[in-house]
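Have a look at the structure below before the remarks.
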Ligand SMILES: C[S@@+](CC[C@H](N)C(=O)[O-])C[C@H]1O[C@@H](n2cnc3c(N)ncnc32)[C@H](O)[C@@H]1O
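In our numbering, the protein residues as written are 1355 to 1705.
Next comes the structure, spelled out in structure tokens:
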């Protein structure tokens, strides 16, 4: 079938999709793009592909429909079961060891590009079935995706037989209730651990840190530049000692990411953040506003930082401090001073 668009027009449009959303389509998939985008053009009265680009700047609904039409949300529970075995046998024991040493009980996990949430719930069930005493932990899981349709389904926590095909009867009975003849809903007491949010990985993220990040089958179409950028941001969003799990077709170029340690387990590779604490400096701030301004400055200038929970010194003091790399710390502290950001103390952390 002849294309309705010139090759220049569709080429420019696909460049826009890659730049704005990380969705990359090679020429072989141009007819897929065309088929998906035509109904959106009709709905929003667009004549040319460039009309979509122009209208998308102001029209949130158009952006939502466009992304829902172009993303592939295919997923299922326990997809690539090896990763869940590694989670159970290697990642969780290593993290629990670390938590024991710091006395922390926080276990925060992010499934980035979570689609309808099957991956996030598979992680939750693995954790609950592995920890000897899950109640003793503050377990919070966040799933995010660029597609509002996918997030809507994740929030409904309802899945069909096909998506649940790798679950055994015992798990199904423990975590789900039947909602109709071939669909099952996660029980509310398990849903409460999971939050789902709309997020474009190429735009800004909430300043949070996690013990584990899963991002699988999501950056597969990102170009190398975007993939590297996002991986570096995942590294910053990980707690020291935290793990990053991705799929075989999205492995990192090790030379580009010396900050990650590659761990070979069960014939797979997962990544671990291993910043030595003696390379760090802990900086405390006078007020939460100083902390917030410092975070923005660090992000905008591309400095490494790591948020750390601290005991609050008084009721108006921040609950978090920031770890900086020792070698960057004098430059950063100079920047804080120039911007009148008030620091109450800073000390090298040497163990
Ligand atoms: C194939 S699904 C993967 C789901 C799950 N991680 C898995 O491995 O089964 C890929 C998901 O990535 C999402 N995605 C694509 N580009 C994205 C972006 N720039 N930001 C956030 N999510 C994105 C899509 O909407 C889709 O739901």
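Beta carbons are placed, not taken as given, at the ideal position from N, Cα and C, and that holds for glycine.
Quick check on DSSP: helix, strand or coil for residue 1627? strand
Is it the case that the Cβ atoms of residue 1520 and residue 1432 are separated by a distance below 8 Å? yes
For residue 1463, which of 1451, 1456, 1476 has the nearest alpha-carbon? 1476
Taking DSSP's pairing of strands, which residues face residue 1616 in a bridge? 1625
Alpha-carbon spacing of residue 1473 relative to residue 1438, whole angstroms: 10 Å
Bridge partners - residue 1545, DSSP secondary structure assignment: Per DSSP, none; premise fails for residue 1545.
Check the DSSP bridge columns for residue 1400 and list the partner residues they point to. Note: residue 1400 sits in no beta bridge, so no partner.
At which residue ranges does the segment 1424-1454 contain complete alpha helix (DSSP H) runs of 4 or more residues, listed in the order of the chain? 1435-1440
Taking the alpha carbon of residue 1699 as the reference point, which residue from 1503, 1442, 1537, 1639 has its own alpha carbon closest? 1639
Runs of 4 residues minimum, wholly inside the segment 1509-1582: which ones carry the alpha helix (DSSP H) assignment? 1523-1529, 1542-1545
Only counting the same chain, and skipping five residues up and downstream in sequence, which positions put a Cβ closer than 6 Å to that of residue 1606? 1585
Endpoints, the beta strand (DSSP E) within which residue 1674 is located: 1674-1679
Out of curiosity, what's the CA-to-CA distance linking residue 1705 and residue 1455? Confidence in residue 1705 is poor, its pLDDT being 38 and thus under 50, which makes the residue's placement unreliable; the coordinate value appears in the next sentence. Going from the Cα of residue 1705 to the Cα of residue 1455 covers about 13 Å.
Less than 7 Å separating the Cβ of residue 1428 from some heavy atom of ligand 1? yes
Endpoints, the alpha helix (DSSP H) within which residue 1476 is located: 1472-1484
Classification of residue 1547 by the beta-carbon crowding that lies within 10 angstroms, buried from 16 upward: buried
Can you find the residues in the same chain that come closer than 6 Å, C-beta to C-beta, to residue 1600, ignoring five residues on each side of it along the sequence? 1569, 1570
By the DSSP assignment, the beta strand (DSSP E) with residue 1633 in it spans what residues? First-last for residue 1633: undefined, no H or E at that position.
Measuring only the C-alpha atoms, how far is residue 1485 from residue 1445? 12 Å
DSSP three-state label for residue 1375, please. helix
Using three-state DSSP, classify residue 1705 as helix, strand or coil. Its pLDDT being 38, under 50, residue 1705 is placed unreliably in this model, and the value from its coordinates should be taken loosely. In this structure, residue 1705 counts as coil in the three-state DSSP scheme.
If we count the other Cβ atoms within 10 Å of its Cβ and call it buried at 16 or more, is residue 1391 buried or exposed? buried
Chain-order list of residues whose beta-carbon lies under 7 Å from that of residue 1493 (same chain, five-residue window excluded): 1461, 1481, 1547
Pick helix, strand or coil for residue 1670, following the three-state DSSP scheme. coil
Verify whether the separation of the beta carbon atoms of residue 1452 and residue 1555 is less than 8 Å. no
Out of 1654, 1645, 1668, which one is the CA nearest neighbour of residue 1695? 1645
Could you tell me whether the segment 1378-1392 touches the segment 1360-1370, where touching means 3 or more Cβ pairs closer than 8 Å? yes
Exposed unless 16 or more other CB atoms sit within 10 angstroms - verdict on residue 1650: exposed
For residue 1397, does the count of other Cβ atoms within 10 angstroms reach 16, so buried, or fall short, so exposed? exposed
What's the gap between the Cα of residue 1642 and the Cα of residue 1602? 41 Å
In chain order, what residues of the same chain have a beta carbon less than 7 Å from the beta carbon of residue 1362, not counting five sequence neighbours either side? none
Member of 1498, 1593, 1510, 1538 whose CA lies at the smallest distance from the CA of residue 1551: 1498
Taking 7 Å as the cut-off, is the beta-carbon of residue 1555 closer than that to any non-hydrogen atom of ligand 1? yes
Any non-hydrogen atom of ligand 1 within 7 Å of residue 1372 CB: no
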